[in-house]
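S.K.:
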Amino acid sequence: MRHWNRQPREAVDAPFLDVLKARLDGALNMQSAPVQTPELQTRVKGMSASMSCRLGDKTVMHWYRQLPGEPPKRILYVSGGTPVFDDSNDRNKFQARNHPTEPVYGLTINSLTPRDSGIYYCAYWFYQGTTALVGYAPRVSPPANTEILQKKHGNQIMYVCIIEKFYPELIRVTWTDEEKEITDNVVKGDTWQSTKEDEYSIASWLTVPAENKDKKYYCKYEHEEKKDSLPAQGIFPH
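According to the numbering used here, the residues represented by the sequence shown are 1 to 238, in order.
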């Protein structure tokens with residue numbers, strides 16, 4: 001089950017910005033709820049704002065932002081002390097940190113603008129040990145199957161990276177060229193439920209010039225407890 005912390009958004013009067021934080025919506029026993037501080041911050045444009053989230057135990061922490069009129073969108077998650085951004089362009093905007101010995105996670109928003117005013121959530125997954133709640137108990141299942149399909153069409157090659165049967169649905173998929181991330185000519189599909197057991201799958205496409213058939217490309221994914229790099233080259237004749 002995912003636990004969220006949030007608080008309602010209030011009006012913003014320029015030049016001040018309300019960077020909003022969370023209160024607990026609800027909790028299950030067997031696990032303490034996340035505690036975010038402070039609950040509300042008002043900052044001048046151009047400044048930064050910092051917030052923290054304390055858990056009952058160390059785990060994978062997710063940070064989300066909800067802007068007015070939009071659904072929540074994940075900014076990043078922290079696993080093993082390392083932040084993983086959903087959008088690499090956010091690396092300069094947000095800074096994530098965690099306490100070396102305590103389950104406390106922090107988020108800093110740099111160079112505030114009116115666009116940054118909204119609701120910020122911390123969220124995490126945990127296991128509920130009570131059998132009465134087994135129907136609601138979350139689990140973490142790394143991808144069971146991975147495959148890269150390759151198709152040559154005219155002067156282009158399309159690689160399709162398929163990642164199947166994982167849970168929960170949160171996953172990051174990227175393409176790299178010799179460890180450098182590729183963003184051009186990449187299409188990432190939405191996750192879909194692949195089985196009746198609520199497992200998920202996802203596909204991502206990369207299109208490159210046919211002359212690059214010998215170049216090394218990789219499809220990389222990062223899930224809650226597993227990450228891997230899949231090579232995509234080698235089947236086209238010279």
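A virtual CB, placed ideally from N, CA and C, is assigned to each residue, including glycine. All figures in this text were calculated on a predicted structure; none of them were measured in a lab.
Taking only the alpha-carbon atoms, compute the straight-line gap between Cys-122 and Ser-229 and give it to the nearest angstrom.
M.R.: 28 Å
S.K.: Return no unless some Cβ of chain D is closer than 8 Å to the Cβ of Glu-178.
M.R.: Protein chain content of the structure displayed is limited to a single chain, and chain D is not contained in it.
S.K.: Around the Cβ of His-62, are there at least 16 other Cβ atoms within 10 angstroms (buried) or fewer (exposed)?
M.R.: buried
S.K.: Does the stretch 107-114 come into contact with the stretch 186-194, if we say contact requires no fewer than three beta-carbon pairs (one atom in each stretch) closer than 8 Å?
M.R.: no
S.K.: Taking only three categories from DSSP, how would you classify Ser-48?
M.R.: coil
S.K.: Can you give the Cα-Cα distance for Lys-220 and Pro-142, rounded to whole angstroms?
M.R.: 14 Å
S.K.: Determine contact between the stretch 170-177 and the stretch 195-210, defined as no fewer than three beta-carbon pairs at a distance below 8 Å.
M.R.: yes
S.K.: Assuming contact is defined by CB atoms lying nearer than 8 Å, are Ala-210 and Asn-155 in contact in what I supplied?
M.R.: yes
S.K.: Should Leu-76 and Pro-68 be called a contact, given that it needs their Cβ atoms to be closer than 8 Å?
M.R.: Against a cut-off of 8 Å, the Cβ pair of Pro-68 and Leu-76 comes out as no contact.
S.K.: Report the option in Lys-165, Ile-157, Leu-170 whose CA atom is closest to the CA atom of Val-186.
M.R.: Among Lys-165, Ile-157, Leu-170, the Cα nearest to that of Val-186 is on Ile-157.
S.K.: Using three-state DSSP, classify Glu-224 as helix, strand or coil.
M.R.: coil
S.K.: Could you name the residues of the same chain whose beta carbon sits closer than 6 Å to that of Glu-147, not counting the 5 residues immediately before and after it, in chain order?
M.R.: Ile-162
S.K.: Below 8 Å on the Cβ atoms is my guess for Glu-222 versus Pro-168; work out the distance and round it to an integer in Å.
M.R.: 13 Å between Cβ atoms; not a contact.
S.K.: Quick one: what's got a C-beta closer than 8 Å to Leu-170's C-beta in the same chain, skipping five residues either side?
M.R.: His-62, Arg-74, Tyr-77, His-223, Glu-224
S.K.: Out of Arg-91, Ser-88, Glu-70, which has the shortest C-alpha to C-alpha gap to Gly-118?
M.R.: Looking at the Cα atoms, Glu-70 is the closest of the given residues.
S.K.: With burial defined as no fewer than 16 other Cβ atoms inside 10 Å of the residue's Cβ, what is the status of Arg-65: buried or exposed?
M.R.: buried
S.K.: With DSSP as the reference, please indicate the residues paired to Leu-230 in a beta bridge.
M.R.: Cys-219
S.K.: Buried or exposed for Leu-112, going by 16 or more other Cβ atoms inside 10 Å?
M.R.: buried
S.K.: If you measure between the beta carbons of Arg-54 and Pro-114, is that distance less than 8 Å?
M.R.: No, Cβ-Cβ distance for Arg-54 and Pro-114 is not below 8 Å.
S.K.: Within the same chain, show all residues whose beta-carbon is closer than 8 Å to that of Glu-243, passing over the 5 residues directly before and after it, in chain order.
M.R.: Residue 243 lies beyond the stretch modelled for the chain, which goes from 1 to 238, so this question has no answer here.
S.K.: Would Asn-145 be called buried (16 or more neighbouring beta carbons within 10 Å of its own) or exposed?
M.R.: exposed
S.K.: Could you pull out every unbroken alpha helix (DSSP H) segment of at least 4 residues lying fully inside the stretch 94-123, listed in chain order?
M.R.: none
S.K.: Out of Ser-79, Pro-72, Ser-48, Ala-49, state which residue places its alpha-carbon closest to the alpha-carbon of Lys-227.
M.R.: Ser-79
S.K.: Please classify Asn-98: is it buried, with 16 or more other beta-carbons within 10 angstroms of its beta-carbon, or exposed?
M.R.: Looking at its Cβ environment, which holds 16 or more other Cβ atoms inside 10 Å, Asn-98 is buried.
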